[in-house]
Structures are given as structure tokens and as C-alpha cells.
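As C-alpha cells, the structure follows; a few thoughts come after it.
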Amino acid sequence: AANAIERALAKNFSLEVQRFEPEIARAGVTQELGRFDPTFDISYRRAEDSISNVFSETTTVGPDGELRTTRRQTPADSFARTDTWSAGISGVTPIGTTYDFGFRNDFSAGSSDRLEESGSEFAFSLNQPLLRGFGPDANLASLRVARNNVLVSEWQLRQRVIDVITQVVFTYNDLHAAQESLEVAMKSRGLARQLLKDNMQRAEIGVMAPNGSGQRILTRGGYAEGPTWARNGRAGMVTRDGSQSELWDR
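Residues in the sequence shown are numbered from 568 upward in steps of one, following this note's numbering.
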């Protein structure tokens with residue numbers, strides 16, 4: 568039975584699927600805990616404008632009163648570049664407080680005036696709700712649900728293991744009972760065949776009545792097998808010393 572239970576637990580596919588449920592529930596707990604992990608972000612951005620040529624257009628009135636348009640191209644080589652990078656840490660606490668720490672730096676350069684500019688700023692914000700979303704009871708509710716789901720999934724796995732073991736035990740007992748019944752039936756068949764063979768031999772030598780009855784009869788000289796029916800139709804018995812005596816007619 569122990570070997571059968573061990574094989575059933577190792578080869579049961581529904582049990583294999585059920586084993587994943589606690590792992591999934593634990594992943595849900597990790598996900599809920601991740602809500603309180605701080606977020607660190609960093610970014611960099613560059614903006615650049617360049618001018619290579621300047622086109623201009625001038626409209627004048629000629630001596631004849633006609634409008635004349637003059638287009639000019641002035642070579643130019645100027646650019647303006649701005650580099651911005653920022654970094655910050657933000658998150659939420661179990662009591663509902665949200666925080667944000669940030670730093671930003673801007674650097675600008677241009678070729679027209681050959682000037683460079685740089686500026687930095689540091690920002691800090693803190694927000695604490697006082698009504699909705701305040702305290703650990705509200706912010707840790709989903710975490711408590713996830714942890715309870717872990718317990719539920721573990722007990723469901725235990726229940727599934729118990730069901731599989733119970734089913735294997737019932738099946739094993741039914742198989743054992745069927746084997747015992749088969750063995751008893753085979754022994755009964757063997758005894759019935761032996762009894763039939765013995766009765767046929769007795770009937771052939773005339774020590775058993777045609778109806779299959781026979782009994783031991785005590786006599787003064789010992790015992791006799793009888794009553795038996797002789798071929799002449801008269802009842803008789805055979806004593807131990809081999810003598811025969813007729814008792815009555817059929």
C-alpha cells in the first residue's frame with residue numbers, strides 16, 4: 568500500500584498542477600510588497616538647434632512702378648544646445664505617505680554669443696493623506712489578502728494529497744478484497760471438483776446411494792459404511808472385516 572501511495576503521489580497530474588498554486592500565491596505576496604519599494608529614475612535629454620544659412624527676401628518699387636523682389640543668402644554658422652539630466656527617488660510607505668526626491672541640472676551653450684549657462688535645482692515633496700488611504704489598515708489590506716491566499720492554497724494542496732491517498736487506499740482495499748474473493752472461489756472450485764471425483768468413485772464401487780447419501784453405521788463388530796444400494800436392489804452394509812449383510816429392500 569505504501570508503494571502504491573508513493574507512486575500515486577508522484578504520477579498524479581492534478582496534484583502536480585495543485586502544487587503550483589502555493590507558488591503563485593507567494594508571488595502575489597511579493598507583488599504586494601513591491602508596492603512599497605522605492606523607485607529610482609534617471610534621465611538625460613539633449614536639444615540642439617543649428618543654423619547654417621539665412622535666407623532673406625526684399626521687395627522694392629522700381630522707377631517704372633513695378634515691384635521687384637530681391638533674395639539674398641547670408642552664410643551663418645550658429646547653434647544652440649541644451650543638455651538636461653535629472654534623477655530622483657519616489658515611493659509610498661505602508662501608512663500612505665508618498666515621497667519624491669528629485670535633482671535636475673540644465674546646461675545650455677550657443678555659438679552666436681559664445682555664452683554658456685548652467686542651472687540646477689533640487690525638489691522634495693511629501694504627501695500624507697488624513698482620511699482616505701491613511702494608516703496601515705488601508706494600505707496593507709491587499710497584502711493581508713495575499714498572505715491568506717498562500718495559507719488557503721497550502722491547505723488546498725494538503726486536502727488534495729489526502730484525497731489522493733484516500734482514493735488509493737480504497738482502490739487498494741477493493742483490489743485486495745477482489746483477489747481474496749478470487750482465491751476463495753478457486754479453492755472452492757477445486758474442492759467441488761475433488762468432491763465430485765470422490766463421489767463418482769464411490770458410486771462406481773457401490774458404497775454410495777444414487778442420491779449421494781451415505782453414513783457410518785456402528786455395529787458390534789466395528790462399523791460399516793451404509794446404507795448403500797446394491798445392484799440387486801437390496802440394501803446392505805459392509806462391516807470392517809469385509810462381511811456383508813442385507814438390511815432391507817429398496
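Idealized CB from N, CA, C, for every residue including glycine. This structure is a prediction, so every number in the text was calculated from the model and none was measured.
- Going by C-alpha positions, Arg760 is about 11 Å away from Met753.
- Here the alpha carbon of Val596 sits roughly 5 Å from the alpha carbon of Ala713.
- In the structure shown, Thr664 falls within a coil segment according to DSSP collapsed to helix, strand and coil.
- DSSP, read as helix, strand or coil, puts Leu762 in helix.
- As summarised for the region 662-730, the continuous beta strand (DSSP E) elements at least 3 residues long and confined to that stretch are 665-677 and 683-694, given in chain order.
- For Glu615, the secondary structure class from DSSP, reduced to helix, strand or coil, is strand.
- Contact between Asn579 and Val731 holds, since their C-beta atoms are separated by about 5 Å, short of 8 Å.
- C-alpha of Phe668 to C-alpha of Ser657: approximately 6 Å in a straight line.
- Spanning the alpha carbons of Ser678 and Ala654 requires a straight line of approximately 29 Å.
- Straight across, the Cα-Cα distance linking Arg756 with Tyr739 is about 26 Å.
- In the assembly as shown, Asn706 is a buried residue. Its beta-carbon has 16 or more other beta-carbons within 10 Å.
- Note: Ala654 is bridge-paired with Ile609 and Phe670 in the DSSP secondary-structure output.
- Boundaries of the alpha helix (DSSP H) around Pro589: Phe587 to Leu600.
- Within a 10 Å sphere around the beta-carbon of Ser720 sit 16 or more other beta-carbons, which makes this residue buried.
- Apart from the 5 residues on each side of it in sequence, Thr627 sits with its Cβ closer than 6 Å to the Cβ of Arg635 in its chain, given in chain order.
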